[in-house]
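For reference, the structure discussed in these notes is given below.
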Amino acid sequence: MVLKIFFPQCCNRADSGLLVGRWISGHDSAVVLAVIHYPFIPGQVKQYVQQMQTRSGVELSVLGSWSLPKEGQEGMESFLRDLSTIFPQKRWLQISRQMGKTGFICNVLNRDHDGESAQKVKRKKKHEDVKGDEGEEDKEEEEEEEKVIFIHYEQRKVMMSQLHPIENGLQDPKTDSPSELRQMFQTVAQSQPLFFMDKYDDGPLKSTHWQSEGREASIIVELLKQASVPLCLLVTWLLSLWTWICNIRIFSLYPFCFLSSKLSTCVQLSYRTEHMRTLSSPRPAAGHTQFMRKANIFVSFLVDVALGMLLISWLYRDNHISMLANTLVPAADHVAKQLEELLQWLMGAPAGLKMNRALDQVLGRFFLYHIHLWISYIHLMSPFIEGIFWYGGLSACLGLTFALSLLSDMVALLTFHIYCFYVYGARLYCLKIYGLSSLWRLFRGKKWNVLRQRVDSCSYDLDQLFIGTLLFTILLFLLPTTALYYLVFTLLRLVVVLFQGVLHLSVDFINSFPLFAVGLRVCRFYRLAEGVKFRVLCDEPGTALHLLMEINPLKVSTVVQTYRTPTYSCYPKDSWAALVKKLFVGELIYPWRHKTTKTD
1 MVLKIFFPQC CNRADSGLLV GRWISGHDSA VVLAVIHYPF IPGQVKQYVQ
51 QMQTRSGVEL SVLGSWSLPK EGQEGMESFL RDLSTIFPQK RWLQISRQMG
101 KTGFICNVLN RDHDGESAQK VKRKKKHEDV KGDEGEEDKE EEEEEEKVIF
151 IHYEQRKVMM SQLHPIENGL QDPKTDSPSE LRQMFQTVAQ SQPLFFMDKY
201 DDGPLKSTHW QSEGREASII VELLKQASVP LCLLVTWLLS LWTWICNIRI
251 FSLYPFCFLS SKLSTCVQLS YRTEHMRTLS SPRPAAGHTQ FMRKANIFVS
301 FLVDVALGML LISWLYRDNH ISMLANTLVP AADHVAKQLE ELLQWLMGAP
351 AGLKMNRALD QVLGRFFLYH IHLWISYIHL MSPFIEGIFW YGGLSACLGL
401 TFALSLLSDM VALLTFHIYC FYVYGARLYC LKIYGLSSLW RLFRGKKWNV
451 LRQRVDSCSY DLDQLFIGTL LFTILLFLLP TTALYYLVFT LLRLVVVLFQ
501 GVLHLSVDFI NSFPLFAVGL RVCRFYRLAE GVKFRVLCDE PGTALHLLME
551 INPLKVSTVV QTYRTPTYSC YPKDSWAALV KKLFVGELIY PWRHKTTKTD
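Mapping of the sequence shown onto the UniProt record's numbering: position 66 corresponds to residue 66, and the numbering continues sequentially without gaps.
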């Protein structure tokens with residue numbers, strides 16, 4: 001039988017007094033939380049322990065006595081031992097420390113059914129004399145089997161840390177009973193009211209714990225706490241006004257609803273609105289997970305706004321907006337010229353390939369006409385481009401994510417002609433692919449059963465086979481020309497999608513990255529604990545074994561994975577194999593972000 005006593009390091013040199021703590025249910029262990037110094041009145045100690053138990057919700061009790069010999073206190077140890085009759089407990093710990101030694105000596109008084117106490121010395125001890133009597137040998141074996149292990153812990157770190165479950169098949173704390181270590185962490189964390197009494201209080205009791213030398217306070221923090229209430233009320237009122245505007249019936253019509261679901265700026269605006277609702281909630285965080293989520297959102301919002309202000313300071317300094325606006329129209333003309341040269345190359349004999357000249361000329365002129373329309377549109381909008389950039393740059397005051405989302409929407413509008421080329425080529429190519437596959441089944445005597453979604457056997461007459469052969473031959477010889485145009489414009493479209501994907505990933509990274517949690521892991525690693533490790537602190541003869549408990553911090557990768565904020569994912573829903581299949585058969589690939597794909 002081993003008795004484990006979790007003892008705070010701050011109480012190693014405390015004055016003699018009573019040990020206040022908790023016995024861990026289901027385990028042969030005790031957690032010492034504080035030492036109440038002598039002199040004291042037992043009635044006041046009982047009343048104080050009951051008050052702390054009501055405030056904290058922890059089953060606190062007087063575990064025993066603590067004795068540190070000093071001059072003029074020779075009979076203190078026997079006086080504290082007699083207090084076991086005033087504080088009735090099944091076990092009474094009598095811990096003492098001798099001058100010049102690091103280890104403690106622990107005597108345990110067990111109370112029997114008749115109310116009498118029997119003393120058992122639980123300490124690792126070597127017997128000097130070996131007696132031949134069998135009764136004495138049994139007593140020595142019993143004493144050797146009963147041991148006490150002192151586990152020293154740093155009370156402040158344990159109180160502020162959060163023990164995480166290790167994902168390796170161990171017991172789940174939500175379904176199974178909490179482990180001994182988890183109960184110990186919860187006991188220290190929930191006993192914060194016990195640590196409010198320091199040496200500057202005028203009360204009749206004095207105690208030793210991690211905060212007994214005085215509590216740290218900040219005037220700035222207290223002022224921020226007082227100002228947070230009206231600020232939250234103001235933000236809540238503004239959000240309710242914004243929600244009322246968004247719920248106007250005209251915005252629920254098809255064009256507005258469709259655009260709001262496809263534009264990245266609208267998606268980011270709704271996302272930030274949800275974040276502000278979470279932050280402005282007057283109710284405190286229900287648990288550690290909700291607190292960390294609020295803290296991560298708040299820090300992410302501050303960093304986002306700070307980066308946006310840096311972007312604004314760069315845009316509106318040295319006339320950078322005018323430079324960007326003056327560069328846009330020549331860049332659009334250059335892109336249009338390169339597209340025209342590409343189409344002229346495709347309308348000839350690209351790479352020595354012999355195309356269908358009639359279809360090649362039709363497709364080439366069709367795409368050239370769209371390019372001329374697009375250039376005319378750009379030149380028509382050129383007087384307003386600088387104003388659009390100037391007012392659009394102000395969106396960065398809401399955060400860098402808004403500026404990046406607006407940039408993504410502007411890229412989508414400026415490359416709309418490339419998107420049209422891609423859609424035209426993909427639809428034409430897809431039509432021919434599905435036509436060839438259907439006609440190929442005709443040659444094999446098969447057909448596609450729409451109702452059962454499978455291929456069934458079918459018999460065709462001669463006219464059907466003749467018409468199918470003609471159509472198959474026409475589509476087969478026209479396929480290379482269509483496939484070449486589809487390949488070229490698909491590559492151009494993938495370049496645009498790749499650039500937009502980088503912007504969306506940047507926005508999602510800022511929105512979801514747990515900056516507060518990673519900062520805790522770097523600056524105060526003990527706040528996020530994965531487990532603990534022990535090392536031998538003292539193993540002196542005649543004293544119990546002393547271990548030092550150190551917190552094992554959570555890995556950075558685990559911190560990011562655990563506390564990452566859920567976002568509206570911009571990642572494609574299809575796998576790489578499905579994406580390649582879509583490109584091969586000519587199905588459209590939409591890079592838009594869907595508001596319903598909220599992932600963790």
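Heads up, the beta-carbon is just placed ideally off N, CA and C, and yes, glycines get one too.
- The continuous beta strand (DSSP E) containing Cys538 extends over residues Leu528 to Cys538.
- Every alpha helix (DSSP H) stretch that sits fully inside the segment 395-442 and reaches 4 residues is listed by chain position as 400-414.
- Counting along the chain, Glu77 sits inside the alpha helix (DSSP H) bounded by residues Met76 to Asp82.
- DSSP places Trp390 inside the alpha helix (DSSP H), whose first and last residues are Arg357 to Gly393.
- Taking a cut-off of 8 Å for Cβ pairs, the segment 228-247 and the segment 531-543 do not touch, as fewer than three such pairs fall below it.
- Excluding residues up to 5 positions away in sequence, Ile24, His27 and Ser29 lie with their Cβ nearer than 7 Å to the Cβ of Glu180 in the same chain.
- Annotation for Phe291: the continuous alpha helix (DSSP H) segment containing it runs His288 to Leu315.
- DSSP places Met323 in no beta strand (DSSP E) but in the uninterrupted alpha helix (DSSP H) bounded by His320 to Met347.
- Taking a 10 Å sphere around the C-beta of Ala349, we find fewer than 16 other C-beta atoms and assign the residue as exposed.
- Excluding residues up to 5 positions away in sequence, Leu545 lie with their Cβ nearer than 6 Å to the Cβ of Asp539 in the same chain.
- Take the alpha-carbon of Leu339 and the one of Gly387: they are about 28 Å apart.
- For Val497, the closest of Leu413, Ile371, Ser56 and Met160 by C-alpha to C-alpha distance is Leu413.
- Under the three-state reduction of DSSP output, Thr481 falls in the helix class.
- Ranked by Cα distance from Phe195, the first of Leu484, Leu93 and Met160 is Met160.
- From the listed residues Met309, Leu33, His417 and Ala325, the smallest Cα separation to Arg156 is found for Leu33.
- Using a C-beta cut-off of 8 Å, the segment 484-501 makes no contact with the segment 270-278, since fewer than three inter-stretch Cβ pairs fall below that distance.
- Beta-bridge partners assigned by DSSP to Leu548: His152 and Arg535.
- In the DSSP assignment, Ser280 forms no beta bridge with any residue.
- Residue environment: Cys257 is assigned as exposed (fewer than 16 neighbouring CB atoms within 10 Å of its CB, all protein chains considered).
- Around the beta-carbon of Asn110, fewer than 16 other beta-carbon atoms lie within 10 Å, marking it exposed.
- When rounded, the separation of the alpha-carbon atoms in Gln268 and Leu239 is 15 Å.
- Per the DSSP secondary-structure output, Arg91 pairs in a beta bridge with Asn110.
- Between Arg22 and Glu59 a beta carbon distance of about 6 Å is seen, short of the 8 Å cut, so the two are scored as contacting.
- In the DSSP annotation of this structure, the continuous segment of the beta strand (DSSP E) that includes Val35 starts and ends at Ser29 to His37.
- When only Cα atoms are considered, Val335 and Ile418 end up about 11 Å apart.
- Ser512 and Cys523 have their alpha carbons spaced roughly 20 Å apart.
- For the 7 Å CB-CB criterion, Pro514 and Asn296 form a contact.
- By the criterion of a C-beta distance shorter than 7 Å, Leu279 is surrounded in its chain by Lys294, Ile297 and Phe298, once the five residues flanking it on both sides are discounted.
- Proximity of the segment 553-560 to the segment 521-536 meets the contact definition, three or more beta-carbon pairs being nearer than 8 Å.
- Counted as a single uninterrupted DSSP element, the beta strand (DSSP E) harbouring Trp23 occupies residues Gly17 to Trp23.
- In chain order, Asp198 and Lys199 place their CB closer than 8 Å to the CB of Glu213, counting only its own chain and leaving out the 5 sequence neighbours on each side.
- Exposed is the label assigned to Gly445, since fewer than 16 other Cβ atoms lie within 10 Å of its Cβ.
- Taking a contact as a CB-CB distance under 8 Å, the pair Val188 and Val31 counts as one, their CB atoms being some 7 Å apart.
- With respect to Pro204, Gln44 sits close: the two C-beta atoms are nearer than 7 Å.
- From the listed residues Ile41, Gly17, Val108 and Thr208, the smallest Cα separation to Leu3 is found for Val108.
- Around the beta carbon of Ser84, 16 or more other beta carbons sit within 10 angstroms, so the residue counts as buried.
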